[in-house]
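Here the structure comes first, spelled out in structure tokens, and everything after it is commentary.
Residue numbers (this note's numbering): 1309 to 1558.
Below you can see the structure in the form of structure tokens.
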């Protein structure tokens, strides 16, 4: 009987070992490999996303451009007017003030925090050790019926109201495909301070050998989010550098 019990215990250990033996490094390596390979991600010089945001039933066209050099831009067309958000030309971070419809520069703290993330292109997990980021496997968690690995990512600190704050986010990787389906991060300022911001990813599709989520929901955890549906992704597109410039400089 004792032999049978040991056999059953050994069988159970083998059955659960593949799930529990995964390390954070292995999960991230599998993620990069399953989405196209780290060497192919490193070849990207720019990405252009085209899609629509669902805002209170209205479908608003959007375009977002990101570059390896750090320059980026996002714009949305609303009833004939164009709104710009998180536009960075290499020095200045700016966007459209929705009340005045005028271009407005971000303050120094917001700009410096934004610059901290520039080396995350095209993915924060690509060469994360070289960036001095740390990762930790927290455990397993079921998200809307999907079993996931929960990984804590800690990047360089940011400044909030003049105080240094740890930059922490939590990624939930599908245990079957090793792709993130949810990212969460605590809101550190503003009306939502203390709440958890949440982004959901789904509908991964191949684009020139790399895989991207084409369905995204952004918002606050446990609240309805803003739905983003991508219709096209271009890799290494031809980019007109003037699109990043603050309007006064054009």
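Note that beta-carbon positions come from the ideal geometry of N, C-alpha and C, so glycine has one too.
Can you list, in chain order, the residues of its chain whose CB lies under 8 Å from that of residue i, leaving out five sequence neighbours each side?
| i | result |
| --- | --- |
| residue 1339 | 1433, 1481, 1486, 1487 and 1488 |
| residue 1360 | 1367, 1368, 1369, 1370, 1536, 1537 and 1539 |
| residue 1556 | 1411 |
| residue 1349 | 1340, 1343, 1430, 1431, 1434 and 1518 |
| residue 1498 | none |
| residue 1467 | 1417, 1420, 1421 and 1473 |
Measuring only the C-alpha atoms, how far is residue i from residue j?
| i | j | result |
| --- | --- | --- |
| residue 1490 | residue 1507 | 6 Å |
| residue 1475 | residue 1465 | 5 Å |
| residue 1540 | residue 1450 | 30 Å |
| residue 1458 | residue 1478 | 7 Å |
| residue 1456 | residue 1334 | 14 Å |
| residue 1551 | residue 1524 | 25 Å |
| residue 1460 | residue 1443 | 5 Å |
| residue 1500 | residue 1530 | 13 Å |
| residue 1437 | residue 1365 | 42 Å |
| residue 1440 | residue 1336 | 15 Å |
| residue 1462 | residue 1515 | 29 Å |
| residue 1385 | residue 1398 | 24 Å |
| residue 1469 | residue 1378 | 24 Å |
| residue 1402 | residue 1330 | 42 Å |
| residue 1358 | residue 1404 | 19 Å |
| residue 1549 | residue 1448 | 44 Å |
With a threshold of 8 Å between beta-carbons, can residue i be considered close to chain B, or not?
| i | result |
| --- | --- |
| residue 1368 | Of the protein chains in the structure, only one exists, and it is not chain B. |
Taking all protein chains shown into account, decide if residue i is buried (16 or more other Cβ within 10 angstroms of its Cβ) or exposed.
| i | result |
| --- | --- |
| residue 1303 | Given that the chain is displayed from residue 1309 to residue 1558, the structure contains no residue 1303 and the question cannot be resolved. |
| residue 1372 | buried |
| residue 1446 | exposed |
| residue 1387 | exposed |
| residue 1381 | buried |
With a CB to CB cut of under 6 Å and the five nearest residues on each side skipped, what residues in its chain are close to residue i?
| i | result |
| --- | --- |
| residue 1513 | 1522 |
| residue 1526 | 1507, 1533 and 1534 |
| residue 1362 | 1535 |
| residue 1383 | 1371, 1390 and 1392 |
Please classify residue i: does DSSP put it in a helix, a strand, or coil?
| i | result |
| --- | --- |
| residue 1333 | helix |
| residue 1423 | helix |
| residue 1441 | coil |
| residue 1322 | Residue placement at residue 1322 is flagged as unreliable, the pLDDT there being 35, under the threshold of 50; a coordinate-derived value is accordingly withheld. |
| residue 1417 | helix |
| residue 1339 | helix |
| residue 1550 | helix |
| residue 1348 | helix |
| residue 1385 | strand |
Let me check understanding here. Comparing Cα to Cα, which of the options lies closest to residue i?
| i | options | result |
| --- | --- | --- |
| residue 1504 | 1493, 1473 and 1350 | 1493 |
| residue 1528 | 1496, 1511 and 1550 | 1496 |
| residue 1473 | 1499, 1520, 1424 and 1430 | 1424 |
| residue 1454 | 1364, 1531, 1358 and 1484 | 1484 |
| residue 1409 | 1500, 1347, 1463 and 1389 | 1389 |
| residue 1392 | 1377, 1414 and 1426 | 1414 |
| residue 1346 | 1452, 1470 and 1430 | 1430 |
| residue 1426 | 1395, 1543, 1405 and 1406 | 1395 |
Within a Cβ cutoff of 7 Å, which residues of the same chain sit near residue i, ignoring the five residues on either side of it in sequence?
| i | result |
| --- | --- |
| residue 1545 | 1354 and 1356 |
| residue 1510 | 1489, 1521 and 1523 |
| residue 1547 | 1354, 1373 and 1375 |
| residue 1342 | 1485, 1486 and 1487 |
| residue 1332 | 1443, 1444, 1445 and 1459 |
| residue 1400 | 1413 and 1554 |
| residue 1351 | none |
| residue 1407 | none |
The ligand FMN and residue i: does any heavy atom of the ligand fall closer than 7 Å to the residue's C-beta?
| i | result |
| --- | --- |
| residue 1504 | The ligand FMN is not part of this structure, which contains no ligands at all. |
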